[in-house]
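Trainee:
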Amino acid sequence: EPEVTQTPSHQVTQMGQEVILRCVPISNHLYFYWYRQILGQKVEFLVSFYNNEISEKSEIFDDQFSVERPDGSNFTLKIRSTKLEDSAMYFCASSPAGGDTQYFGPGTRLTVL
Amino acid sequence: DAKTTQPPSMDCAEGRAANLPCNHSTISGNEYVYWYRQIHSQGPQYIIHGLKNNETNEMASLIITEDRKSSTLILPHATLRDTAVYYCIVRVAGTGRRALTFGSGTRLQVQP
């Protein structure tokens, strides 16, 4: 069964550094998303992406964040200058055309020191 | 999207049915009920969804009341691997590119 994959599974970085989290959505899916979950808190939406542009973004998704689909398979989330409060699990998700069901990857644990 | 209310936690004995309730009294006619779960810190996993008819798949059954103001997710034979946080989410159909809004969900503990 196809699934969303994410790399790396765990990323440790120093405050102020740039990080890129990578995702390979399910092939032939058209909508892509990033969510995050700070330890012990709810899953929060960051951004959705469709047709090579951002469809929707939350207040969390400020100028420090960007997303890109550099090729036909990868979907990336970049944090330009990480802060301590960016430490969280980051989940990528995708959904097919016309589909409301989102399929999530296993997540990347980001630790900012 | 309509607001949902779920109990914060529930226990269930292994092998028994787990019945997880969700209240969505302000649901509108074009809103579906979705269920996801999150096992430990893994990514949320889609379980099932429905509009007004009861639905069943290989994972679970979804029972929606006639007035659609509440629903119940049924795991017919719960196993230890079903221990997770279960989220009931209501959303308008055809809004696939929009965010899912996760609440606090119900933490289901399956006991041996």
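Chains A and B are the protein sequences, given in the same order. Under this note's numbering, think of the first position of the first sequence as -1, with each following residue one higher. Under this note's numbering, think of the first position of the second sequence as 258, with each following residue one higher. By construction, the Cβ of each residue, glycine as well, lies at the ideal position given by its N, Cα and C atoms.
Smallest Cα separation from A:Asp60: which of A:Glu(-1), A:Thr80, A:Ile24, A:Phe89?
Mentor: The sequence position of residue 60 of chain A within the first sequence is 62, counting from 1. Checked all of A:Glu(-1), A:Thr80, A:Ile24, A:Phe89; the closest Cα to A:Asp60 is A:Thr80.
Trainee: Would you please state the rounded distance, in angstroms, between the beta carbons of A:Val17 and A:Ile77? I believe it to be under 8 Å.
Mentor: As a first step, residue 17 of chain A must be located in the first sequence, where it is residue number 19. As a first step, residue 77 of chain A must be located in the first sequence, where it is residue number 79. So it is a contact: roughly 5 Å between Cβ atoms.
Trainee: List the endpoints of the continuous beta strand (DSSP E) containing A:Met87.
Mentor: The residue you call residue 87 of chain A lines up with position 89 of the first sequence. Here the beta strand (DSSP E) through A:Met87 covers 86 to 93.
Trainee: Who pairs with A:Leu108 in a beta bridge, going by DSSP?
Mentor: Taking the first residue of the first sequence as position 1, residue 108 of chain A is located at position 110. A:Gln9, A:Ala86, per the DSSP bridge assignment.
Trainee: Could you tell me which of A:Pro94, A:Val41, A:Val110 sits nearest to A:Ser56, measuring between CA atoms?
Mentor: Residue mapping note: residue 56 of chain A aligns to position 58 of the first sequence, counting from 1. Comparing Cα positions, the closest option is A:Val41.
Trainee: Can you find a CB in chain A that lies within less than 9 Å of the CB of B:Gln302?
Mentor: Here residue 302 of chain B refers to the residue found at position 45 when the second sequence is read from its first residue. B:Gln302 counts as touching chain A.
Trainee: Shortest alpha-carbon distance to B:Val349 belongs to which of B:Val290, B:His297, B:Gln299?
Mentor: Position 92 of the second sequence, counting from 1, holds the residue named residue 349 of chain B. Nearest C-alpha to B:Val349: B:Val290.
Trainee: For A:Tyr88 and A:Thr106, which I take to be in contact (beta-carbon distance under 8 Å), what is that distance rounded to the nearest angstrom?
Mentor: As a first step, residue 88 of chain A is located in the first sequence; it is residue number 90 there, counting from the start. As a first step, residue 106 of chain A is located in the first sequence; it is residue number 108 there, counting from the start. Indeed they touch by this definition, with Cβ atoms about 5 Å apart.
Trainee: Check whether the Cβ of A:Thr99 lies closer than 9 Å to any Cβ atom in chain B.
Mentor: Along the first sequence, one-based indexing puts residue 99 of chain A at 101. Yes, contact with chain B.
Trainee: Taking DSSP as the reference, what is the three-state secondary structure of A:Arg20?
Mentor: Along the first sequence, one-based indexing puts residue 20 of chain A at 22. A:Arg20: strand per DSSP, three-state reduction.
Trainee: Distance cutoff 9 Å, beta carbons only. Does B:Arg338 sit that close to anything in chain A?
Mentor: Translated into the one-based positions of the second sequence, residue 338 of chain B becomes position 81. Taking Cβ atoms only, chain A never reaches closer than 9 Å to B:Arg338, which makes this a no.
Trainee: Does the beta-carbon of B:Ile346 have 16 or more other beta-carbons within 10 angstroms, so that it is buried, or is it exposed?
Mentor: Within the second sequence, numbered from 1, the residue matching residue 346 of chain B stands at position 89. So B:Ile346 ends up on the buried side.
Trainee: Report, in whole angstroms, the separation of the C-beta atoms of B:Val342 and B:Gln299, which I expect to be a contact under 8 Å.
Mentor: What you label residue 342 of chain B is simply residue 85 of the second sequence in a count that begins at 1. What you label residue 299 of chain B is simply residue 42 of the second sequence in a count that begins at 1. Not quite, the Cβ-Cβ distance comes to about 10 Å (not below 8 Å), so this is no contact.
Trainee: Any beta-carbon of chain A closer than 9 Å to the one on B:Thr358?
Mentor: Reading the second sequence from its first residue, position 101 is the one you call residue 358 of chain B. Closer than 9 Å to some Cβ of chain A, the Cβ of B:Thr358 qualifies, so yes.
Trainee: What are the partner residues of B:Thr262, as DSSP defines its beta bridges?
Mentor: Working through the second sequence from its first residue, we reach residue 262 of chain B at position 5. B:Thr262 pairs with B:Asn280.
Trainee: Roughly how many angstroms separate the alpha carbons of A:Tyr29 and A:Val10, rounded to a whole number?
Mentor: For this step, residue 29 of chain A is matched to residue 31 along the first sequence. For this step, residue 10 of chain A is matched to residue 12 along the first sequence. So the two alpha carbons sit approximately 28 Å from each other.
Trainee: Scan the segment 303 to 321 of chain B for residues whose Cβ lies nearer than 8 Å to a Cβ of chain A and list them as they occur along the chain.
Mentor: Tyr303, His306
Trainee: For chain B, is any of its Cβ atoms less than 9 Å away from the one on A:Gln35?
Mentor: For this step, residue 35 of chain A is matched to residue 37 along the first sequence. True, the Cβ-Cβ gap to chain B drops below 9 Å.
Trainee: Measuring alpha carbon to alpha carbon, tell me which residue in B:Ser282, B:Leu330, B:Cys269, B:Glu323 is nearest B:Tyr303.
Mentor: Taking the first residue of the second sequence as position 1, residue 303 of chain B is located at position 46. Nearest of B:Ser282, B:Leu330, B:Cys269, B:Glu323 to B:Tyr303, Cα basis: B:Leu330.
Trainee: Out of A:Met13, A:Val22, A:Gln12, A:Gly14, point me to the one whose CA is closest to A:Pro104's CA.
Mentor: As a first step, residue 104 of chain A must be located in the first sequence, where it is residue number 106. Nearest option by C-alpha distance: A:Val22.
Trainee: Nearest to A:Thr49 by alpha carbon, out of A:Ala86, A:Pro68, A:Gln100?
Mentor: By one-based count along the first sequence, residue 49 of chain A stands at place 51. Correcting the residue identity first, residue 49 of chain A is Asn in this sequence and not Thr. Nearest of A:Ala86, A:Pro68, A:Gln100 to A:Asn49, Cα basis: A:Pro68.
Trainee: Counting only the same chain and skipping the five closest in sequence on each side, list residues whose C-beta sits under 7 Å from that of A:His27.
Mentor: One-based indexing of the first sequence puts residue 27 of chain A at position 29. Closer than 7 Å at Cβ, skipping near neighbours: Ser92, Ser93, Pro94.
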